[in-house]
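Written below as structure tokens is the structure these notes are about.
There are 2 protein chains.
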Amino acid sequence: MSTITPPRQRLIEAAEQQFRRFGYRRTTVDDVTRAAETGKGSFYLHFSSKEDAYVAVVEASLERFLAKAEIALHGSGTVPQRLRTLVAVTADHYGDDELLRASLFGEAALVEGAVARRAANIQRGRIRSLLAEALKSGKSEGSIRDTVDVDNAAAVLFEIGWAVVRAEFDASADLPLDAALDTLNDVVGLGLIARTPPEGP
Amino acid sequence: MSTITPPRQRLIEAAEQQFRRFGYRRTTVDDVTRAAETGKGSFYLHFSSKEDAYVAVVEASLERFLAKAEIALHGSGTVPQRLRTLVAVTADHYGDDELLRASLFGEAALVEGAVARRAANIQRGRIRSLLAEALKSGKSEGSIRDTVDVDNAAAVLFEIGWAVVRAEFDASADLPLDAALDTLNDVVGLGLIARTPPEGP
DNA sequence: GAAATGACTAGATTAGGATTCTGGTCAATA
DNA sequence: TATTGACCAGAATCCTAATCTAGTCATTTC
Numbered sequence: 000m001s002t003i004t005p006p007r008q009r010l011i012e013a014a015e016q017q018f019r020r021f022g023y024r025r026t027t028v029d030d031v032t033r034a035a036e037t038g039k040g041s042f043y044l045h046f047s048s049k050e051d052a053y054v055a056v057v058e059a060s061l062e063r064f065l066a067k068a069e070i071a072l073h074g075s076g077t078v079p080q081r082l083r084t085l086v087a088v089t090a091d092h093y094g095d096d097e098l099l100r101a102s103l104f105g106e107a108a109l110v111e112g113a114v115a116r117r118a119a120n121i122q123r124g125r126i127r128s129l130l131a132e133a134l135k136s137g138k139s140e141g142s143i144r145d146t147v148d149v150d151n152a153a154a155v156l157f158e159i160g161w162a163v164v165r166a167e168f169d170a171s172a173d174l175p176l177d178a179a180l181d182t183l184n185d186v187v188g189l190g191l192i193a194r195t196p197p198e199g200p
Numbered sequence: 000m001s002t003i004t005p006p007r008q009r010l011i012e013a014a015e016q017q018f019r020r021f022g023y024r025r026t027t028v029d030d031v032t033r034a035a036e037t038g039k040g041s042f043y044l045h046f047s048s049k050e051d052a053y054v055a056v057v058e059a060s061l062e063r064f065l066a067k068a069e070i071a072l073h074g075s076g077t078v079p080q081r082l083r084t085l086v087a088v089t090a091d092h093y094g095d096d097e098l099l100r101a102s103l104f105g106e107a108a109l110v111e112g113a114v115a116r117r118a119a120n121i122q123r124g125r126i127r128s129l130l131a132e133a134l135k136s137g138k139s140e141g142s143i144r145d146t147v148d149v150d151n152a153a154a155v156l157f158e159i160g161w162a163v164v165r166a167e168f169d170a171s172a173d174l175p176l177d178a179a180l181d182t183l184n185d186v187v188g189l190g191l192i193a194r195t196p197p198e199g200p
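Line by line, the protein sequences are chains A and B.
The first sequence: position 1 = 0 (numbering that gives the first Met the number 0), numbered continuously.
The second sequence: position 183 = 182 (numbering that gives the first Met the number 0), numbered continuously.
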């Protein structure tokens with residue numbers, strides 16, 4: 000760890016490295032400061048607590064996912080196709096990002112209790128906002144039915160996506176992601192779209 | 000506990016009473032046999048193990064729920080309305096039945112580990128079968144689209160319903176059941192139904 | 001002879017006390 | 001003024017003796 004890098008940056012990088020490797024409880028503040036080559040007191044110049052440091056790492060990690068999710072939601076294709084892509088991107092990203100997955104899907108070995116709930120709430124809130132924005136755009140464009148309540152639909156879509164991705168991670172659910180996405184695309188996508196009068200016979 | 004009742008019945012009733020009160024781990028076989036006014040060895044004449052006794056109680060409890068679920072699925076109204084009623088009945092019943100809820104929604108204080116997973120698998124399997132039957136009937140009647148894959152749709156509908164009910168039990172999800180049901184009805188229900196040619200202009 | 005019983009035991013779990021650890025603080029140092 | 005690391009209250013862990021419990025089966029009862 001180069002000490003040319005500013006202390007705060009070093010601490011954030013060290014914190015991410017340690018939390019990803021060992022999880023929240025097993026990582027000590029001394030671990031982080033040692034890895035950052037700084038004193039323990041300096042940690043508290045940048046973070047109010049160990050928990051706040053963890054949340055900062057979650058938020059930085061979440062931005063990486065959200066960048067991909069934005070691309071999925073603004074890509075080409077119909078709304079159902081884009082939602083389907085979003086779920087696939089989510090499953091893919093969370094399959095790889097153990098730190099995010101642990102809090103959102105309850106992997107207690109890495110994080111549990113109040114800090115896990117706080118991290119999950121942050122993720123849920125941001126993903127729901129993203130979905131709500133996409134639904135609003137869809138309504139403005141006329142590709143989503145006017146009667147759809149944006150906030151409720153965003154919340155429900157979040158729960159649906161969450162469940163499908165969780166089922167992918169849970170072998171006993173016996174629901175392969177591809178099959179789930181096909182059915183979801185079929186059922187939920189169709190339920191969302193606006194009905195335009197047919198153009199042909 | 001009347002000893003006119005046959006021992007097996009007494010054991011089942013006592014097992015249910017004890018497991019509901021104390022959960023799986025805290026209930027001992029001695030607790031059950033004492034409440035049933037029978038000897039410990041008699042327990043093993045009727046159940047192969049403590050876990051099998053628990054599963055017998057889960058199965059009996061599940062039948063009570065499934066009876067209600069059948070009524071919901073065979074009631075009046077459109078398919079979306081009936082699915083909506085099913086989710087509401089589920090939330091209601093599981094809200095009251097702590098024993099079933101503990102295994103299906105992960106309340107570790109009452110049951111956890113292999114026995115909890117076994118109980119959850121039984122519930123998932125039975126509910127999915129019920130949904131698949133309903134979807135098959137719907138396809139035969141022409142009220143569900145022919146293109147819907149029954150088993151996948153049943154699995155996805157289970158996951159969706161499970162997520163919505165879980166969100167009802169989890170305050171931090173911030174998704175009231177009524178709002179979720181409205182949106183679900185709107186989105187999923189519409190996605191399922193068969194498109195009949197309009198009869199009017 | 002069949003059914004019921006409860007004493008027994010191997011392994012699991014718990015309780016309690018000693019020891020160690022750790023998040024956060026702040027006096028000392030650079 | 002910024003940084004450091006010793007300090008400490010409370011939390012967590014470890015160890016070991018004691019207790020508990022699921023399952024068995026020899027004995028008793030009907």
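Think of the CB as a built atom: it goes at the ideal place given N, C-alpha and C, for glycine as much as any other residue.
- In terms of beta-carbon proximity, A/L109 stays away from the interface with chain B, with every pair separated by 8 Å or more.
- Distance from the CA of A/A55 to the CA of A/R20, rounded to the nearest whole angstrom, comes to 16 Å.
- Taking 9 Å as the cut-off between beta carbons, the residues of the region 163 to 174 of chain B near chain A are V163, R165, A166, S171, A172, D173 and L174, in sequence order.
- Taking all protein chains shown into account, B/R100 has 16 or more neighbouring C-beta atoms within 10 Å of its C-beta and is therefore buried.
- By the rule that beta-carbons nearer than 8 Å mark a contact, A/V88 does not touch chain B.
- Listed along chain A is no residue with a C-beta nearer than 8 Å to that of B/L134; the closest approach is about 11 Å.
- Across the structure, A/G137 and B/A178 are spaced so that their CA atoms are roughly 20 Å apart.
- In its chain, beyond the 5 residues on either side, no residue has a beta carbon closer than 6 Å to the beta carbon of A/R63.
- Here the alpha carbons of A/F46 and A/G40 stand approximately 10 Å from one another.
- Judged by their CB atoms, B/L98 and B/F18 are nearer to each other than the 8 Å cut-off.
- Only residues of its own chain outside the window of five on either side were considered, and among them V28 have a CB closer than 6 Å to the CB of B/K49, listed in chain order.
- The residue among A/D148, A/A59, A/Y23 and A/A13 with its C-alpha nearest the C-alpha of A/A115 is A/Y23.
- Within chain B, the residues D148, N151, A152 and V155 have their CB atoms less than 7 Å from the CB of A/T182, given in chain order.
- Counting of Cβ neighbours within 10 angstroms places A/Q122 among the buried residues, the total reaching 16 or more.
- B/N184: not part of any alpha helix (DSSP H); DSSP gives it neither H nor E.
- Beta-carbon to beta-carbon, A/L183 and B/V155 are separated by about 6 Å, close enough to satisfy the 8 Å threshold.
- Secondary structure of B/P175 (DSSP, three-state): coil.
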